[in-house]
Structures are given as structure tokens and as C-alpha cells.
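Worksheet for the structure shown next.
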Amino acid sequence: MKRRDAMEAVYGDLDRCVVVTIMGAVAAELQSIGHRPNFFYLQHAMGLASSMGLGIALARPELKVVVFDGDGSILMNLGGLTTLARYRPRNLVHVVFDNESLLSVGGFPTATSTGSDIAGMAAAAGIARTSTVNALDDFRSAFADALATADLTTIVAKVEAVGPSGYVTDLSLLENRYQFQRYLRDASRVSS
Ligand SMILES: Cc1ncc(C[n+]2csc(CCOP(=O)(O)OP(=O)(O)O)c2C)c(N)n1
């Protein structure tokens, strides 16, 4: 499975969600499918996309939050899994694209390439709904199921270590920040 295909397969559902991604290849790939004001690409702060998603999910329980994470990022912030489990936001879908490498900085192998199991670690941290998927159809149905279920879900999608040729886009961090902030503010007017 290619990560870009996986994101493309669920892109239509992202319209009604708040989406936070890690930096690098994931961010560039999602932007290449099509940027939307409800997408925030957390640049630089490696490992913290799930923590930012957790904060939004807790503060805005009426919204559905999707986090697109990476194996290298998760491995930098394993405590984030225990915090997710402890607060168990019912409106958060946590997707970890596991390409077994730090693709965005040259493709160095991560511990998942030698057997570390992120879904197993998420389950051991206390996240009740976790799964690992290897094929696009399985990803599509796991994601749809997670969106339809009012509970925290971590989906580990095993993907090929391939990505875009460059990770720099024409959307600056500040522009993305203000646009996303306005999106959240306006979403609050709609829901109140
Ligand atoms: C604290 C910190 N350390 C290192 C980096 C450099 N860095 C940017 S992306 C990245 C790799 C991310 O790996 P992963 O989450 O597996 O995603 P992938 O690049 O494979 O899509 C690294 C090491 C960073 N941004 N922040």
C-alpha cells in the first residue's frame, strides 16, 4: 500500500473532519491531493501531532479529529499513546502510517523495521481500539469504521517507504495556522 493512495481513498471523508498531520512527506502528499482550510500540518514538532489532535479533540468534542502520524514520530513520543488512552477522546481517529523508516530525512530504518509493533504498543498503553492494516481496502474499511464509531481508534497502516520528490510546499506555516484557526472558530459558530 502507498500512503498517498491511502489518503486519497479517504480524502472525501476529511471534508467533515479536523485533520492534523506530521511534517514532511505526509504533509506534502496530503497537500498534493488538495489542501483544505481544515487541514493543519504540524511542522518541526516531530512526534506531537497526536498530542495536538488530542487537545483539539478534548476542547471540541463536537468535531471529529483525524491525525495522520508516522512511525518515526510516534516512536519519539511513546508517552503520547498513554495520554491518548488516559483521556480517551471519543472523537479522535489516529492513523499511523508505518513505512518502517524516517523517510522525510533520508529513509533511515526505524524500530518497526526490526519488529516493534506500534498497534501492540498502543493496545498496551490502554487504547481499546487498535488495528494494523496492510492493504488499501482494509485501510478504507478500518477508517470508515473508526469514523462511524464514537471512540478513540488507532489504525497502523503499513505502507511502502516512498513519497514525493520534495517536501517543501507553497503554504507557509503562519498562513496555515491562521487559516486553521479561523476554520475552528467558524466551525464553532456553526455548531453553537
Ligand atoms: C525533534 C525533531 N527531530 C528531528 C526532526 C527531523 N525530522 C523531520 S521529519 C523526520 C522523520 C519523520 O519520520 P516518520 O514520522 O516515520 O515519517 P516519514 O518521514 O517516514 O513519513 C525527522 C527525523 C524534527 N523535525 N524534529
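For the sequence shown, position 25 (counting from the first letter as 1) is numbered 25 according to the numbering used here, and the numbering increases by one without interruption.
Backbone N, C-alpha and C fix where the C-beta goes; we use that ideal spot for every residue, glycine too.
Legend entry - Ala157 beta carbon less than 9 Å from that of Phe139: One-based indexing of the sequence shown puts residue 139 at position 139. One-based indexing of the sequence shown puts residue 157 at position 157. Result yes, Cβ atoms of Phe139 and Ala157 sit closer than 9 Å.
Inset, instruction - Measure the CB-CB distance between Val105 and Gly24 and report whether it falls below 9 Å. - result: As a first step, residue 105 is located in the sequence shown; it is residue number 105 there, counting from the start. As a first step, residue 24 is located in the sequence shown; it is residue number 24 there, counting from the start. Yes, these two residues count as a Cβ contact at 9 Å.
Legend entry - Cα-Cα separation between Ser32 and Val20, rounded to whole angstroms: Reading the sequence shown from its first residue, position 32 is the one you call residue 32. Reading the sequence shown from its first residue, position 20 is the one you call residue 20. Between Ser32 and Val20, the C-alpha separation is close to 15 Å.
Legend entry - Cβ pair Pro109, Glu100 closer than 9 Å: On the sequence shown, position 109 is the one that residue 109 refers to. On the sequence shown, position 100 is the one that residue 100 refers to. Yes, these two residues count as a Cβ contact at 9 Å.
Legend entry - Inter-residue spacing [alpha-carbon to alpha-carbon] between Ala42 and Val26: Indexing the sequence shown from 1 puts residue 42 at position 42. Indexing the sequence shown from 1 puts residue 26 at position 26. According to the sequence displayed, residue 42 carries Leu and not Ala. Using only the alpha carbons, I get a separation of about 10 Å.
Legend entry - Among Arg177, Tyr11, Ala122, the one whose alpha carbon lies nearest that of Leu81: On the sequence shown, position 81 is the one that residue 81 refers to. Between Leu81 and the set Arg177, Tyr11, Ala122, the nearest pair of CA atoms involves Ala122.
Inset, instruction - Please classify Thr114: is it buried, with 16 or more other beta-carbons within 10 angstroms of its beta-carbon, or exposed? - result: Mapped onto the sequence shown, residue 114 falls at position 114. Exposed is the call here.
Inset, instruction - Look up Ala214 in the DSSP assignment and give the residues it is bridged to. - result: A query on residue 214 cannot be resolved here, the shown segment of the chain reaching from 1 to 192 and no further.
Legend entry - Whole-angstrom C-beta distance between Val67 and His44, which should lie under 8 Å: For the purposes of this step, residue 44 is taken as the residue at position 44 of the sequence shown. For the purposes of this step, residue 67 is taken as the residue at position 67 of the sequence shown. In fact, because the Cβ distance is near 16 Å, the residues do not count as touching under 8 Å.
Inset, instruction - Can you tell me which of the three DSSP states Asp168 falls into? - result: As a first step, residue 168 must be located in the sequence shown, where it is residue number 168. Correcting the residue identity first, residue 168 is Val in this sequence and not Asp. The answer is coil: DSSP assigns Val168 none of H, G, I, E or B.
Inset, instruction - For the beta strand (DSSP E) containing Thr21, list its first residue and its last residue. - result: Position 21 of the sequence shown, counted from the start, is the residue given in the question as residue 21. Note, Thr21: beta strand (DSSP E), 18–21.
Legend entry - Closest residue to Pro164 among Arg36, Glu29, Asp15 (Cα-Cα distance): Sequence index remark: in the sequence shown, residue 164 carries index 164 (1-based). For Pro164, the nearest C-alpha among the options comes from Glu29.
Inset, instruction - Determine which residues share a DSSP beta bridge with Pro109 and list them. - result: Locating residue 109 in the sequence shown gives position 109, where the first residue counts as 1. Answer is Ser101.
Inset, instruction - Could you check which residue in Asp137, Ala161, Ile118, Leu184 has the C-alpha nearest to that of Glu8? - result: Position 8 of the sequence shown, counted from the first residue, corresponds to residue 8. The shortest C-alpha separation from Glu8 is found at Asp137.
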